[in-house]
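In UniProt numbering, the protein residues as written are 37 to 479.
Before any comments, here is the structure.
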Ligand code: PMP
C-alpha cells in the first residue's frame, strides 16, 4: 500500500511491531541516546501486480495475495491501462527513464511543456509548473513564496510536506483548528486590524493553506467558506489537492468542481500525481506571473532533475482518459465508479455499527479504533484473511484516536468490496470496535 507518513506516523500493514518499535526508538536514556537501535526490517516488503488493476498486493512473507484497501490508486491508473501503458512504454523507449538533467540544463523536453499545459488546463488555471515529487512541491515552494515578515495560516492537520515547507520558509506560522472557518477568521482578525487597507497590515503577505481532502480524516475541505474569508481579509489561498484532484468532481477536477468554487478564487493550487494519476511528481498551478516567478527562482526547478518522461507521459495520458480525450468514456465511468464504491462502502460500514469519519464522496474512510492497543489485532486479523488495511496512530493522530484508514479505488469490484466488508465486520466484532448498534438486516 502507499503510505502517508505525516512525519512520524506509524502506519501498520499488519506489521504490528512497526508501531511499537517506532515508539521505543523515541524513548531515550538519561544521556539522550535511544534505548534501542533501528531494527533491520521496518517495512513489509510487498510484491505488486499491474495486471489486475493493482487492487491486490502480495506480501513476500507469511501471507499470499491480499485485497489492497490502502492504496491511493483512486482511479485504478496505477496499473496496466489500455490507453496509458503503450504510450508510457513508447516514451520510455524514446526518452529513457530519466533526463539526467535539470529543467534549465537540457531537462525540459516537449513532453514537459505539454505536461504543464495539460495540468494547467485540467485544473483550470492559466499556468502550471511540475516537480519530480509531490512532497518536494510543497516543501520547496513555500520557502520561495513566503519568508520573514510573511504570515502562513495553516490547518492544524495539514500534511507534513506543508509543515516542513512552512517552517523552512522562515515566515511566521499560525495554526487554525482543523477545517473550522470560524477559527480561521478569528486568527485572521487577530493578525489584521479590521478595515485597514492592505498596505497597513503588519504582514507582507498572508497565505492560508488547506487540503482538498484530508488524508487521515477523509474529510472534504470547507472550501467555499474558507475562500470567502480569505477574500474578505485579502489573504492568499493555497490548496493542496493531493487526495482530491482526479478523485472527486464531475470531471475529476477536484474539490473546486465538487463544491462549486471558482478556481480563480484559489490563488495557488497544488496537487500530486501519485494518487489518481498513477504516476509520480507534483504541480503548482496559478497565474502566469506566479508560475514564471517560480520557474526563475525555485531551487527545486533550477537544480533538480526534471520529472521522469515516462511518468510525465502517464500523467498526460491518464488526464486524457479522465477527460474522454482517448475517445472512450472510461474516464467518466471511473469517476462514477469511485464515487459509487466510496459511498457504498462508507454506508455499509456505518450500517454495521462502525464509527466512520469523513464525508460522502471521499474515497478515504477512517474507521475509528480509538485505543492504540487495538491496532495490531485489527490489522493482523484483516491480513490473516487477505485484506490489507493501513492503520494509523500517534503521533499522526492524537494518542487515543487511532484508526484504520481505508482507501477505495474505482478498480475495486462490488465483489471485492463485499468480501472486504465481511472480513472487516468479523474483525470488528473480534476487536470490539463497533460502537453503534448495527442496523437490522432486511430479510
Ligand atoms: N500532500 C498531501 C496532502 C499528501 O497526502 C501527500 C502524500 N500522500 C503529499 C502532499 C506528498 O505527495 P507525494 O507522496 O506525491 O510525494
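For every residue, glycine included, the Cβ atom is placed at its ideal position computed from N, Cα and C.
Quick one: give me the first and last residue of the beta strand (DSSP E) that residue i is part of.
i	result
residue 209	208-212
residue 274	272-276
residue 167	163-167
residue 318	318-322
residue 201	Run containing residue 201: none in the beta strand (DSSP E); it sits in the alpha helix (DSSP H), 196-205.
residue 170	From DSSP, residue 170 is part of no beta strand (DSSP E) but of the alpha helix (DSSP H) over 170-181.
residue 82	82-84
residue 307	304-308
Note the first and the last residue of the continuous alpha helix (DSSP H) segment covering residue i.
i	result
residue 401	Note, residue 401: premise wrong, no alpha helix (DSSP H); beta strand (DSSP E) at 400-406.
residue 503	Nothing about residue 503 can be reported from this structure: the residues present for the chain run from 37 to 479 only.
residue 422	No alpha helix (DSSP H) holds residue 422; DSSP gives it neither H nor E.
residue 443	Counting along the chain, residue 443 falls outside any alpha helix (DSSP H), though it belongs to the beta strand (DSSP E) covering 438-443.
residue 361	From DSSP, residue 361 is part of no alpha helix (DSSP H); its letter is neither H nor E.
residue 219	217-227
residue 291	291-295
residue 156	146-159
Taking the alpha carbon of residue i as the reference point, which residue from the options has its own alpha carbon closest?
i	options	result
residue 257	216, 241, 239, 243	216
residue 446	398, 351, 261, 210	398
residue 310	340, 277, 143	277
residue 296	366, 267, 319, 263	263
residue 339	299, 383, 167	167
residue 244	102, 169, 181	181
residue 348	153, 106, 82	153
residue 115	159, 448, 170	448
residue 400	299, 444, 456	444
residue 206	222, 190, 301, 178	178
residue 219	202, 440, 261, 195	261
residue 267	239, 300, 343, 254	300
residue 223	410, 188, 464, 356	188
residue 410	106, 328, 396, 429	429
residue 155	202, 254, 359, 176	359
residue 336	103, 135, 102, 174	174
residue 462	418, 475, 334	418
residue 146	330, 201, 474, 346	346
residue 424	319, 457, 328, 106	106
residue 350	472, 117, 144, 140	117
residue 149	343, 305, 240	343
residue 286	386, 370, 468	370
residue 290	469, 375, 333	375
residue 396	386, 404, 405	386
residue 352	140, 120, 103	120
residue 202	367, 476, 455, 176	176
residue 402	440, 131, 241	440
residue 422	438, 460, 404, 405	460
residue 212	241, 200, 225	225
residue 329	457, 170, 304	304
residue 307	405, 157, 170	170
Quickly, what does DSSP pair residue i with across the bridge? List them, please.
i	result
residue 190	211, 245
residue 120	Its beta-bridge partners do not exist; DSSP assigns none.
residue 366	Looking at the DSSP assignment, residue 366 forms no beta bridge with any residue, so it has no partner.
residue 104	424
residue 256	249
residue 138	341
residue 470	390
Is the closest heavy atom of the ligand ATP to the C-beta of residue i under 7 Å?
i	result
residue 445	This structure simply doesn't include the ligand ATP; it includes the ligand PMP instead.
Stretch pair the region 264-271 + the region 306-319: three plus CB contacts closer than 8 Å
The region 264-271 is not in contact with the region 306-319.
Counting beta carbon pairs with one atom in the region 109-127 and one in the region 273-284, are three or more of them shorter than 8 Å?
yes
When you compare the region 318-335 with the region 119-137, are there three or more beta-carbon pairs, one atom per stretch, that lie closer than 8 Å?
no
Pairing CB atoms from the region 423-434 with CB atoms from the region 385-394, are three or more of them under 8 Å?
no
At a cut of 8 Å, does the region 181-195 reach the region 157-166 through at least three beta carbon pairs?
These segments do not touch.
State whether the region 193-201 contacts the region 237-253, with contact taken as three or more CB pairs (one from each stretch) at a distance under 8 Å.
yes
Do three or more CB pairs link the region 413-426 to the region 374-383 at distances below 8 Å?
no
At least 3 beta-carbon pairs within less than 8 Å: the region 144-153 vs the region 361-370:
no
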